[in-house]
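Below is one structure; the comments refer to it alone.
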Amino acid sequence: MNEVAEKIANKIKKTGPIPFAAFMELALYCPVYGYYETEKDSPALSCIAQPAAPLWAERTGRDGDYYTSVSVGSLFGELLAFQFAEWLEQIAPRSKARSARAGIPQIVEAGAHDGRLAVDILTWMREQRPQLLSRLRYCIVEPSPRRQAWQKARLRPFAGRVRWLKHLAAPLRGGSRITHHASRVTGIIFSNELFDAMPVHRLGWDAKKQDWFEWAVTLQRGQFAWTRIAPTLPLSDPRFQISNFPLALGKVLPDGFTVEICLAAERWWSAAAESLVLGKLLTIDYGLSAEEFFVPERREGTLRAYRNHQPSRDVLANPGEQDLTAQVNFTALQAAGESAGLTTEGFLSQAQFLTGIAARTWESQAPIIQWTHQRRRQFQTLTHPQLMGRTFRVLVQARAAIRR
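Numbering follows the working numbering, in which position 3 of the sequence shown is assigned residue number 7; successive positions increment by one, without gaps.
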């Protein structure tokens, strides 16, 4: 067993079977040894790493485990930067009139991974919107000290322009209950492929008992194995059923039909929505509406492992050495934002979103983006329905009036 596997095994020995969400949390985020906390050697990037720090993560791209829109090239970040600049310029007149309440305009990126997207966005703004950049604060929400260090190394050219937050909203104890004191954000809060990597609970349907159970992880002969336990989720809460899944469908499902539920994603989106004083809340990820999870071809759920670009259903194998990911439930995110007073402005494919932005750059007389042959190839990859264009979806919500 590797270090992560030993930690998980010891936890099971002490407490008994653990929900898969706990397994996934350790496999991906265990300090030092988790998948997103360990690094593959990358000589090409060692020149920008601190001598005492581990070398850069190369989890994405041709030599990694999976592709992302960022690994395709700089165009993805440039198009986002152009869109963000448009939004910020629209927000500026409203926030300027009440600057004391609105605060400094910000772009807040959650889950910046290796920092490449932030570099692409800031580079475009430095070249195309220097005045906007001069009065803008770029924040990265990153709870991991190791990943913060790697991001700071890559973003050294923008030192002083970027600040890091461990959490977007810090929990504070008020009276007998815990409340959230959210950072006040005027501008844009966004993420790219953040929620698909958050730990998920796996619910299964027991056709004989006509009830839901939860998939947990146990040890059998020294190996990780699946077992069934009573749900650890608040399934009886009406808000849970509305925002997550039409669980009443269970009565017509086959035995063992499995769905993933990510409470962490919904809680994070709620906190982000509460933080937004004025502006946009945006995420780009691959996912589904709640109803789309309940189809025959997804009877085993959407959870997958990835290693060297090869998908696998053996998600319990080699924890810490392969990526674990599940489709995002956009219905839950949308409901969480609307409950916090946001308006949903769009839920569309990445192809539709990026094509709309690109069209406005083509209409501009100024050379906003240099549409070289290389960038045109990148655009095709990002928007083609058989590549990334249809797989990834975009949710945009907004607060149009300054929140008091």
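For glycine and all other residues, C-beta sits at the position ideal for the given N, C-alpha and C.
Could you check which residue in the options has the C-alpha nearest to that of residue i?
{"i": "Gly208", "options": "Pro235, Pro35, Gly345 and Ala25", "result": "Pro235"}
{"i": "Lys17", "options": "Ala363, Leu169 and Leu223", "result": "Leu223"}
{"i": "Glu413", "options": "Val256, Leu198 and Trp273", "result": "Beyond the ends of the chain as shown, which are 5 and 408, falls residue 413; an answer cannot be given."}
{"i": "Lys212", "options": "Gln374, His388 and Val256", "result": "Val256"}
{"i": "Trp109", "options": "Pro389, Trp366, Thr387 and Ala89", "result": "Checking the sequence shown, residue 109 turns out to be Pro, not Trp. The candidate whose alpha carbon is nearest that of Pro109 is Ala89."}
{"i": "Val172", "options": "Arg151, Ala153 and Cys143", "result": "Correcting the residue identity first, residue 172 is Leu in this sequence and not Val. The candidate whose alpha carbon is nearest that of Leu172 is Cys143."}
{"i": "Gly410", "options": "Trp168, His388 and Leu121", "result": "Residue numbering for the chain in the displayed model covers 5 to 408; residue 410 lies beyond these limits and cannot be assessed."}
{"i": "Ala153", "options": "Ser279, His117, Glu304 and Ile265", "result": "His117"}
{"i": "Asp124", "options": "Arg158, Arg311 and Gly107", "result": "Arg158"}
{"i": "Ser279", "options": "Gln374, Val189 and Met5", "result": "Val189"}
{"i": "Ala294", "options": "Arg317, Leu337 and Ile372", "result": "Leu337"}
{"i": "Gln94", "options": "Phe194, Gly283, Ile265 and Ile193", "result": "Gly283"}
{"i": "Ser75", "options": "Gly119, Cys34 and Tyr33", "result": "Gly119"}
{"i": "Glu270", "options": "Phe199, Glu296 and Arg232", "result": "Phe199"}
{"i": "Gly1", "options": "Asp210, Ile233 and Asn322", "result": "Nothing about residue 1 can be reported from this structure: the residues present for the chain run from 5 to 408 only."}
{"i": "Cys266", "options": "Lys15, Ala26, Asn14 and Met5", "result": "Ala26"}
{"i": "Gln331", "options": "Gly350, Asp210, Ala201 and Arg151", "result": "Ala201"}
{"i": "Phe357", "options": "Trp375, Leu239, His388 and Lys170", "result": "His388"}
{"i": "Phe162", "options": "Arg151, Lys170, Pro134 and Arg150", "result": "Pro134"}
{"i": "Val400", "options": "Phe297, Glu367 and Gln354", "result": "Gln354"}
{"i": "Phe228", "options": "Asn312, Tyr310 and Asp318", "result": "Asp318"}
{"i": "Gly345", "options": "Leu352, Lys170, Ala404 and Thr365", "result": "Ala404"}
{"i": "Ala321", "options": "Gly107, Gly226, Gln155 and Ala363", "result": "Gly226"}
{"i": "Val36", "options": "Arg150, Gly350, Glu367 and Gly393", "result": "Arg150"}
{"i": "Ala268", "options": "Thr365, Asn312 and Glu29", "result": "Glu29"}
{"i": "Leu126", "options": "Val166, Gly107 and Lys156", "result": "Val166"}
{"i": "Thr72", "options": "Tyr310, Ala340 and Asn6", "result": "Tyr310"}
{"i": "Arg394", "options": "Thr359, Lys156 and Ser240", "result": "Thr359"}
One question on the structure: do residue i and residue j come within less than 8 Å of each other, judged by their Cβ atoms?
{"i": "Leu328", "j": "Ala9", "result": "no"}
{"i": "Gly291", "j": "Phe334", "result": "yes"}
{"i": "Phe383", "j": "Asp289", "result": "no"}
{"i": "Ala85", "j": "Trp128", "result": "yes"}
{"i": "Ala402", "j": "Thr347", "result": "yes"}
{"i": "Gly324", "j": "Gly38", "result": "yes"}
{"i": "Leu386", "j": "Phe80", "result": "yes"}
{"i": "Trp168", "j": "Glu146", "result": "yes"}
{"i": "Trp219", "j": "Trp230", "result": "yes"}
{"i": "Glu41", "j": "Ser148", "result": "yes"}
{"i": "Arg381", "j": "Ile373", "result": "no"}
{"i": "Arg130", "j": "Leu137", "result": "yes"}
{"i": "Val281", "j": "Ile406", "result": "yes"}
{"i": "Ile22", "j": "Val221", "result": "yes"}
{"i": "Ile111", "j": "Gly164", "result": "no"}
{"i": "Arg303", "j": "Pro258", "result": "yes"}
If I'm right that residue i touches residue j with Cβ under 8 Å, what's the distance once you round it to whole angstroms?
{"i": "Ile361", "j": "Gln132", "result": "In fact, because the Cβ distance is near 14 Å, the residues do not count as touching under 8 Å."}
{"i": "Val204", "j": "Leu307", "result": "7 Å"}
{"i": "Phe24", "j": "Arg206", "result": "5 Å"}
{"i": "Ser187", "j": "Glu113", "result": "Incorrect: roughly 13 Å between the Cβ atoms, too far for contact."}
{"i": "Cys34", "j": "Lys11", "result": "6 Å"}
{"i": "Gly350", "j": "Val398", "result": "7 Å"}
Give me whichever residues DSSP pairs with residue i in a beta bridge.
{"i": "Gln110", "result": "Arg141 and Gly191"}
{"i": "Phe396", "result": "Tyr290"}
{"i": "Glu232", "result": "Looking at the sequence shown, residue 232 is not Glu but Arg. Paired residue(s): Trp219."}
{"i": "Ile16", "result": "Ile16 pairs with nothing; no bridge assigned."}
{"i": "Phe351", "result": "Leu399"}
{"i": "Arg206", "result": "Glu264"}
{"i": "Gln224", "result": "Gln227"}
{"i": "Gln314", "result": "Arg311"}
{"i": "Asn322", "result": "Asn322 is not bridged to any residue."}
{"i": "Asp200", "result": "Paired residues: none, contrary to the question."}
{"i": "Ile22", "result": "Val221"}
{"i": "Val332", "result": "Gly291"}
Q: Please specify which runs of the alpha helix (DSSP H), each continuous and at least 4 residues long, are wholly inside the region 258-312, giving them in chain order.
A: 267-279
Q) Which residue spans inside the region 115-168 form an unbroken alpha helix (DSSP H) run of at least 4? A) 120-132, 134-138 and 149-158
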